[in-house]
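Notes follow once the structure below has been shown.
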Amino acid sequence: MTRLENMKARYKSEPTIISQLPLKLPNGCEVSEISSSCADCGTEVPHQHLRGHVSRPIPDAVAFNGHGLCSTCITIFPLHGRVRAHGDGMRMEWIKGGRWVSGMLESDTLTGKLRLWLKRQLRTLVR
Ligand SMILES: [Zn+2]
1 MTRLENMKAR YKSEPTIISQ LPLKLPNGCE VSEISSSCAD CGTEVPHQHL RGHVSRPIPD
61 AVAFNGHGLC STCITIFPLH GRVRAHGDGM RMEWIKGGRW VSGMLESDTL TGKLRLWLKR
121 QLRTLVR
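For what it's worth, UniProt numbering labels the leading residue of the sequence shown as 1, then goes sequentially.
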C-alpha cells in the first residue's frame, strides 16, 4: 500500500475528531474542537472531514493523529499534534520539520485562540 493509499484507508475507517471531543484537562481547560484549513487552497475544512484518533497518552494531554480532507481541491493531509495542560492554560505541541515544537495558549477565549492557532500551525505543518 502506498503512503497515499494508507492515508485514504485510515481516513475512511476513522471517526471524526469532533465526535471525540470535548475533553477536559486536569487544570479545568477544555479542548472543545480541533480545526484546520486546507494546506493547498486555504479553505476551512469542515469538522466532519477531520478524522483520526484522539487519545490521552498521559492525564494532562490530549493527542490527535489523523487526516483532513479538502473537498474543494481533493487534498488529504496529516493532522498530528497534542494539547497539554500548562499552568492555567494549555500548551499546543505539533511536529514541524520532523521535530516537536510548542507554543502557549492563553486561557481566556481559549476555544477561539486554539482554533486560530491550530489553523495557522497546521497550515505550516503540511507544507
Ligand atoms: Zn483545498
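Note that the Cβ used here is the ideal one computed from N, Cα and C, for glycine as well.
This structure is a prediction, so every number in the text was calculated from the model and none was measured.
Assigned exposure category for residue i - 16 Cβ within 10 Å defines buried
| i | result |
| --- | --- |
| residue 69 | buried |
| residue 85 | buried |
Residue i beta carbon near ligand 1 (any heavy atom closer than 7 Å)
| i | result |
| --- | --- |
| residue 75 | yes |
| residue 88 | no |
| residue 2 | no |
| residue 60 | no |
| residue 70 | yes |
| residue 29 | no |
Top-ranked residue by Cα proximity to residue i, from the options
| i | options | result |
| --- | --- | --- |
| residue 58 | 24, 4 and 16 | 24 |
| residue 80 | 73, 88, 8 and 62 | 62 |
| residue 43 | 75, 26 and 9 | 75 |
| residue 88 | 99, 64, 60 and 55 | 60 |
Chain-order list of residues whose beta-carbon lies under 8 Å from that of residue i (same chain, five-residue window excluded)
| i | result |
| --- | --- |
| residue 47 | 16, 17, 18, 33 and 35 |
| residue 4 | 76 |
Close Cβ partners of residue i (< 7 Å) along its chain, the five nearest in sequence each way excluded
| i | result |
| --- | --- |
| residue 14 | 51, 52, 53 and 66 |
| residue 102 | 91, 92 and 93 |
| residue 22 | 30, 31 and 32 |
| residue 100 | 93 |
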